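Q: In full-length UniProt numbering, the protein residues as written are 1 to 326. Cβ coordinates follow ideal geometry from the N, Cα and C atoms, glycine included. From a predicted model like this one, the values you see are computed outputs, not experimental measurements.
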């Protein structure tokens with residue numbers, strides 16, 4: 001019964017850590033292999049071949065193949081057998097280092113052929129070495145040629161890129177210079193426009209102030225002329241009334257009808273006595289008429305001046321409104 005069941009071993013901390021380490025190392029090697037494969041594909045797209053184990057661009061010098069053990073009737077036979085045994089022992093040690101986890105004991109060496117045929121040529125180590133050297137030289141020359149070609153292509157691409165960069169840099173510099181010149185020109189035009197606007201504003205303000213002062217003086221002159229006109233109109237009315245009164249008095253003195261001689265004789269001294277009064281009234285009427293004519297003339301002059309002042313005031317107001325609209 002005991003032999004029929006297997007003993008189940010439990011996992012210990014050491015075994016778990018070892019298993020996780022094995023998995024981590026395997027995962028790291030897998031990622032490295034994938035990265036190397038991706039890099040090789042990427043560089044092969046540009047024509048650059050990476051060195052690999054199966055096809056290295058600069059292969060290492062391989063070890064010469066082991067000579068076939070041949071049983072010759074000579075004293076060198078045991079030496080060849082011994083050399084073959086040493087080579088197999090070296091291979092066994094390498095295989096043991098690679099597969100430690102698979103087996104504890106090394107694999108048995110391959111069986112030795114102790115026969116010899118006449119048609120089989122005996123390999124010469126000198127011929128193999130010369131062939132290997134020639135192959136290495138050819139491979140090295142090819143790799144060097146490919147590298148030189150890749151370097152030349154990279155130099156040409158770099159020169160083209162540098163030329164394009166220089167062109168773009170010069171174009172950007174010229175565009176920046178043009179933009180700076182345009183900005184400076186716009187700033188100069190703006191400054192000139194601001195100076196012009198300030199000067200025009202100053203002129204407009206001075207003109208408006210001068211027009212306001214002139215308008216004020218014209219208003220004062222108009223008021224004064226209006227007052228003078230009123231005074232002259234009152235004087236003219238007074239003169240007209242005096243003239244009418246004087247005309248009425250003259251008519252009273254002139255309208256006297258004398259029917260008889262007595263009244264005529266009686267009136268003669270009266271007329272002689274009233275002679276100076278009639279002369280005074282005539283002079284007074286002449287003065288009144290002259291004063292009336294002078295007043296009319298002054299009135300006309302004042303009316304003309306007032307009309308001119310009003311037209312001038314209207315022109316000033318229109319100019320001020322135009323300046324405001326501007």
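Comparing the CB of residue 22 with every heavy atom of the ligand MN, is any distance shorter than 7 Å?
A: Because no ligand of any kind appears in the structure shown, any question about the ligand MN cannot be addressed here.
Q: So residue 215 packs on residue 313, CB below 8 Å; how close in whole Å?
A: Indeed they touch by this definition, with Cβ atoms about 6 Å apart.
Q: Classify residue 239: buried if its beta carbon has 16 or more other beta carbons within 10 angstroms, exposed otherwise.
A: Classification of residue 239: buried, given that the 10 Å Cβ count is 16 or more.
Q: Determine, using beta carbons only, whether residue 309 and residue 221 come nearer to each other than 8 Å.
A: Yes; because the gap between Cβ atoms is below 8 Å, this pair is in contact.
Q: Are the C-beta of residue 229 and some C-beta of chain C separated by less than 8 Å?
A: The displayed structure is made up of one protein chain only, and chain C is not part of it.
Q: With C-beta atoms as the reference, is residue 150 less than 8 Å away from residue 48?
A: Their beta carbons are under 8 Å apart, which means residue 150 touches residue 48 by this criterion.
Q: Can you tell me whether DSSP reads residue 308 as helix, strand or coil?
A: Looking at residue 308 - three-state DSSP - the assignment turns out to be helix.
Q: What is the DSSP secondary structure of residue 234, counted as helix, strand or coil?
A: In the structure shown, residue 234 sits in a helix (DSSP, three-state: H, G or I).
Q: Within a Cβ cutoff of 8 Å, which residues of the same chain sit near residue 226, ignoring the five residues on either side of it in sequence?
A: Closer than 8 Å at the Cβ level, and outside the excluded window around residue 226, lie 306.
Q: According to DSSP, simplified to helix, strand and coil, what is residue 329?
A: Residue 329 is absent from the structure shown; the chain starts at 1 and stops at 326.
Q: Between the Cα of residue 212 and the Cα atoms of 41, 317, 15, 148, which residue gives the shortest distance?
A: Nearest of 41, 317, 15, 148 to residue 212, Cα basis: 317.
Q: Residue 178 to residue 189, Cα distance in whole Å?
A: Roughly 16 Å between the two C-alpha positions.
Q: Please report how far the alpha carbon of residue 11 lies from the alpha carbon of residue 39, in whole angstroms.
A: One C-alpha to the other measures close to 40 Å.
Q: For residue 217, does the three-state DSSP call read helix, strand or coil?
A: Helix.
Q: Going by the beta-carbon positions, is the gap between residue 298 and residue 230 smaller than 8 Å?
A: No, the Cβ-Cβ distance between residue 298 and residue 230 is not below 8 Å.
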